[in-house]
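In UniProt numbering, the protein residues as written are 1 to 333. Ideal placement from N, C-alpha and C gives every residue a C-beta, glycine not left out. A short write-up of the structure that comes next.
Structural data, given as structure tokens:
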């Protein structure tokens with residue numbers, strides 16, 4: 001879900017042309033998989049599947065879009081979540097229950113032929129399970145893409161790697177990367193380029209946000225930004241009812257965070273959450289090595305094992321191996 005900072009970040013979103021996206025990018029792997037699984041579906045919400053009924057939407061998104069990133073000169077690395085902190089248990093439980101309800105609603109919609117409702121509920125019921133993660137890691141390995149298993153939150157590990165100078169930016173749809181101190185966050189690389197909003201279709205373009213610009217423009221510190229997140233609600237706490245981004249900004253700029261928490265949520269101790277954002281568990285000894293694509297094994301995995309189109313996979317592999325061809329984002333999204 002992530003922290004709801006959108007209302008105060010509109011002035012700090014910059015268009016991300018490929019000249020801004022070359023270099024090494026740390027992708028929030030779980031977030032990317034969720035985006036692929038929710039967007040790559042049939043009109044009735046059914047995901048792509050092979051002949052055995054195994055979901056392949058995530059593999060399709062990972063292979064075709066990551067191939068495009070490679071063609072454009074990006075060196076992606078994917079970071080996957082480790083063990084969540086104990087105070088995230090309530091959020092995990094709520095999400096699990098919401099997905100179970102959505103699954104029931106999806107089956108009901110299918111039974112009555114309500115395609116639109118089925119699609120909506122299918123997206124809400126999306127799960128990223130161990131099998132999906134492991135098959136994605138195997139695919140990335142065959143593509144020569146490094147994978148890092150974070151000790152805890154993937155976004156925290158990605159942010160650390162940018163701060164450490166080993167990658168240039170993080171890639172995620174969530175704004176949590178900023179709370180973990182990521183200097184540069186890139187969004188909209190793993191989502192569908194076209195989206196329906198209130199009955200009309202809009203184009204979603206890649207964008208980047210620079211944390212120093214946000215902090216300077218809002219007149220706050222990273223600690224203030226974390227405090228805002230806590231007031232609004234993060235993956236680790238539910239927030240204060242009625243407090244949005246603009247209200248939270250006023251509270252922290254007036255130095256009223258502590259008093260506001262004591263008044264509105266006297267039973268809640270915000271400092272374990274704050275400390276987690278400031279000093280999250282991160283690996284320091286990760287290995288970032290980009291290898292050549294193993295075309296034979298990739299073809300075997302995607303086409304022989306998961307029933308992908310031979311022609312489409314061959315076309316992509318030829319371009320990766322030859323380093324030729326200039327496709328636009330529109331052709332992949």
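Count the other CB atoms, across all protein chains shown, that sit within 10 Å of the CB of residue 221; report buried if there are 16 or more and exposed otherwise.
-> Flag for residue 221 reads exposed.
For residue 329, the three-state DSSP class (helix, strand or coil) | Confidence at residue 329 is low in this model, with a pLDDT of 36, below 50, so its placement is unreliable and the value that follows should be read with caution. Looking at residue 329 - three-state DSSP - the assignment turns out to be helix.
Environment of residue 116 [buried if 16+ CB atoms lie within 10 Å] = Residue 116 should be labelled exposed.
Please say whether residue 142 and residue 24 have beta carbons closer to each other than 8 Å?
-> Taking 8 Å as the Cβ cut-off, residue 24 and residue 142 do not qualify as a contacting pair.
Proximity of residue 162 and residue 188 at Cβ, strictly below 8 Å = With respect to the 8 Å criterion, residue 162 and residue 188 are not classified as neighbours on the basis of their beta carbons.
Write down every uninterrupted run of the alpha helix (DSSP H) in the UniProt domain "XPG-I" (141-220) whose length is 4 residues or greater and which is fully enclosed by it, in chain order.
-> Listed in chain order, the alpha helix (DSSP H) runs fully inside the UniProt domain "XPG-I" (141-220) are 154-163, 176-179 and 211-218, counting runs of at least 4 residues.
Considering only residues of the same chain and omitting the five flanking positions on each side of residue 264, which have a CB-CB separation below 7 Å?
-> Correct list, in chain order: 240.
Neighbourhood of residue 12 by C-beta, 8 Å cutoff - its chain only, sequence neighbours within 5 removed | For residue 12, where only same-chain residues beyond five positions count, the Cβ hits under 8 Å are 209, 210, 213, 214 and 217.
Among 95, 71 and 132, the one whose alpha carbon lies nearest that of residue 33 = Answer by Cα proximity: 132.
So the alpha helix (DSSP H) residue 104 belongs to, where does it begin and stop?
-> Residue 104: member of the alpha helix (DSSP H) spanning 89-112, first to last residue.
Between 19, 321, 14 and 29, which lies nearest to residue 171 when the distance is taken from Cα to Cα?
-> Closest by alpha carbon: 29.
Span separating the alpha-carbon of residue 134 from that of residue 7 = So the alpha carbons of these two residues sit roughly 36 Å apart.
Looking at residue 77 and residue 148, is the spacing between their C-beta atoms short of 8 Å?
-> Taking 8 Å as the Cβ cut-off, residue 148 and residue 77 qualify as a contacting pair.
Residue 276 by DSSP, collapsed to three states: which one?
-> Residue state, collapsed to three classes: helix.
Where does residue 4 fall in DSSP's three states?
-> Correct three-state label for residue 4: coil.
Rounded C-alpha distance that separates residue 227 from residue 165 = Those two C-alpha atoms are separated by around 26 Å.
Can you tell which of 72, 74, 232 and 18 has its C-alpha closest to the C-alpha of residue 251?
-> The shortest Cα separation from residue 251 among 72, 74, 232 and 18 belongs to 232.
With a CB to CB cut of under 7 Å and the five nearest residues on each side skipped, what residues in its chain are close to residue 58?
-> Excluding residues within five positions, the ones whose Cβ falls inside 7 Å are 33, 36, 37, 132 and 136.
Check the DSSP bridge columns for residue 26 and list the partner residues they point to.
-> Beta-bridge pairing by DSSP links residue 26 to 77 and 170.
To which residues of the same chain is residue 249 closer than 7 Å at the C-beta, ignoring the five residues directly before and after it?
-> Result list for residue 249: 8, 218 and 228, in chain order.
Do you know how far the Cα of residue 14 is from the Cα of residue 181?
-> Straight across, the Cα-Cα distance linking residue 181 with residue 14 is about 18 Å.
3 or more residues per run - each beta strand (DSSP E) lying fully within the stretch 289-315 = Contiguous beta strand (DSSP E) elements confined to the stretch 289-315 do not occur, taking only those with 3 or more residues.
Quick one, which of 272, 109 and 63 has its alpha-carbon nearest residue 118's?
-> Taking only the C-alpha atoms, the option nearest residue 118 is 109.
Is it true that the CB of residue 292 sits closer than 8 Å to the CB of residue 71?
-> No; because the gap between Cβ atoms is not below 8 Å, this pair is not in contact.
Mark residue 60 as exposed unless 16 or more other C-beta atoms lie within 10 angstroms of its C-beta, in which case mark it buried.
-> Residue 60 is classed as buried because its beta carbon has at least 16 other beta carbons within 10 Å across all chains shown.
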